[in-house]
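When we follow the working numbering, the leftmost residue of the sequence shown carries the number 15, and every step to the right adds one.
Beta carbons are placed, not taken as given, at the ideal position from N, Cα and C, and that holds for glycine.
Only a predicted model underlies this, so the values are computations on that prediction, with no experimental measurement involved.
Everything below concerns the one structure shown next.
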Amino acid sequence: MATSALAGKSAVVTGGSRGIGRAIVMRLAADGAAVVFGYRSDEAAAKQVVADVEAAGGQAMSVAADLAEPAEVARLFVAADEFFAKLGISGLDILVNNAAIALVKPMTEVTEPEYDRVMAVNAKGTFVAIQQAAQRMPQGGNIVSVTSMTTVMTRPGESVYTASKAAVEQFTRVAADELAERGIRVNAVSSGPTDSGPGGMLRSSTTAEQRQQVAAMTPLGRVGEPEDIADIVAFLVSPDARWLTGQNLRATGGLVKGC
Ligand SMILES: NC(=O)c1ccc[n+]([C@@H]2O[C@H](COP(=O)([O-])OP(=O)(O)OC[C@H]3O[C@@H](n4cnc5c(N)ncnc54)[C@H](OP(=O)(O)O)[C@@H]3O)[C@@H](O)[C@H]2O)c1
């Protein structure tokens with residue numbers, strides 16, 4: 015059942031069809047926001063998320079759009095405008111940049127198309143989404159980007175992915191400066207290893223044994239769950255976080271501290 019914390023608010027979430035993005039969609043909708051989320055290809059999963067939101071009393075719509083293509087990102091936002099207008103909501107209140115792809119390969123083996131694809135989806139896609147959202151947030155609003163603890167705890171094989179997330183973190187800092195005069199807050203959440211389900215980023219890039227090792231290294235004794243990240247996003251877009259902008263919260267169960 016939807017609550018009222020975000021009643022009358024609109025939210026766009028990228029990569030909402032599964033994993034962490036799905037949890038963010040469910041949480042923002044449960045808080046009362048109308049949510050439009052993007053995905054790339056898994057239409058069945060996206061439809062299921064819409065059905066799950068509606069079954070819980072919320073409002074959501076999904077849009078297939080490849081974040082690597084600026085015209086498709088623009089189409090996602092135009093579709094969102096139309097959905098929100100039908101609900102009597104004008105403008106955009108919340109953007110959550112969540113979608114990303116991973117690439118685990120030694121630097122010496124990364125091909126140019128692989129490099130370009132990761133940068134196009136993760137960095138350029140986020141940049142263009144911020145541009146689109148900022149045009150629709152005349153006064154006030156929140157932008158949150160999901161990044162990764164790999165920018166401070168690097169791992170072999172993650173050069174391009176890590177660089178793409180470093181770009182997202184710098185976009186966050188500069189956008190916080192540029193958009194502050196309009197009361198728009200811009201923050202990031204650095205996820206630690208999070209079990210985003212079968213086919214999700216963690217399970218695709220690690221063995222079960224590696225996940226157990228990471229859980230053992232983590233002060234709070236487990237890997238993350240998608241809801242761990244979604245709840246932090248919900249906090250950042252809430253009035254309780256009104257004094258936070260340009261921040262990067264390390265949501266890692268203590269694996270990465272501060273910094
Ligand atoms: N899971 C972790 O351990 C972990 C750790 C650190 C940071 N993160 C970050 O957390 C976020 C979510 O991770 P996750 O594990 O939940 O990911 P995930 O399960 O792989 O889900 C990715 C989502 O992004 C969408 N997506 C992928 N490529 C896209 C594209 N080109 N255009 C539009 N949408 C696209 C996917 O849609 P389709 O299914 O239709 O392709 C899906 O909805 C990412 O930013 C990731 O970097 C995750």
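- Query: What are the boundary residues of the alpha helix (DSSP H) that includes VAL92?
  - Reply: 84-100
- Query: For the alpha helix (DSSP H) that contains SER24, what are its first and last residues?
  - Reply: Segment 24-27 is the beta strand (DSSP E) holding SER24; no alpha helix (DSSP H) there.
- Item | Distance between SER55 and LYS61 (C-alpha atoms, nearest Å) | 11 Å
- Item | Bridge partner(s) assigned by DSSP for ILE198 | GLY155
- LYS119 to ALA177, Cα distance in whole Å? 13 Å
- Message: Taking the beta carbon of PRO240 as the centre, do at least 16 other beta carbons fall within 10 Å, making it buried, or is it exposed?
- Response: buried
- Query: How big is the Cα-Cα spacing for GLY211 and ILE246?
  - Reply: 19 Å
- Item | Euclidean distance between Cα positions of LEU106 and THR122 | 42 Å
- Message: Rounded to the nearest angstrom, what separates GLY46 and GLY22 at their Cα positions?
- Response: 7 Å
- Report the three-state DSSP secondary structure of MET15 (helix, strand or coil). The predicted position of MET15 is uncertain, since its pLDDT is 44 and thus under 50; a value taken from the coordinates is nonetheless stated next. Correct three-state label for MET15: coil.
- Item | Selected residue, minimal CA-CA separation from GLN153, among SER159, ALA134, LEU193 and GLU126 | LEU193
- Item | Coil, strand or helix - SER219 by DSSP | helix
- Query: Can you find a heavy atom of ligand 1 that lies under 7 Å from the Cβ of LEU42?
  - Reply: no
- Query: Excluding five sequence neighbours on each side, which residues of the same chain lie with their C-beta closer than 6 Å to the C-beta of ARG32?
  - Reply: ALA59
- Taking all protein chains shown into account, decide if THR125 is buried (16 or more other Cβ within 10 angstroms of its Cβ) or exposed. exposed
- Please go through the same chain and pick out, in chain order, the residues whose beta-carbon is closer than 6 Å to the beta-carbon of ALA142, but skip the five residues on each side of it. Here residue 142 is Val; the residue named in the question, Ala, does not match the sequence. Counting only Cβ-Cβ distances below 6 Å, and skipping sequence neighbours, we find PRO84 and VAL87.
- Query: With distances taken from CA atoms, which of ARG236, LYS138, GLU57 and GLU172 is nearest THR186?
  - Reply: LYS138
- Task: Grab me the residues of VAL251's own chain with a C-beta within less than 7 Å of its C-beta, minus the 5 sequence neighbours each way, in chain order.
- Result: ILE108, ASN156 and VAL158
- Message: The alpha helix (DSSP H) that contains ALA148, what's its start and end?
- Response: 139-149
- For VAL39, which of helix, strand or coil comes out of DSSP? helix
- Query: If you pair each beta-carbon of the region 94-103 with each one of the region 61-70, do three or more pairs fall below 8 Å?
  - Reply: no
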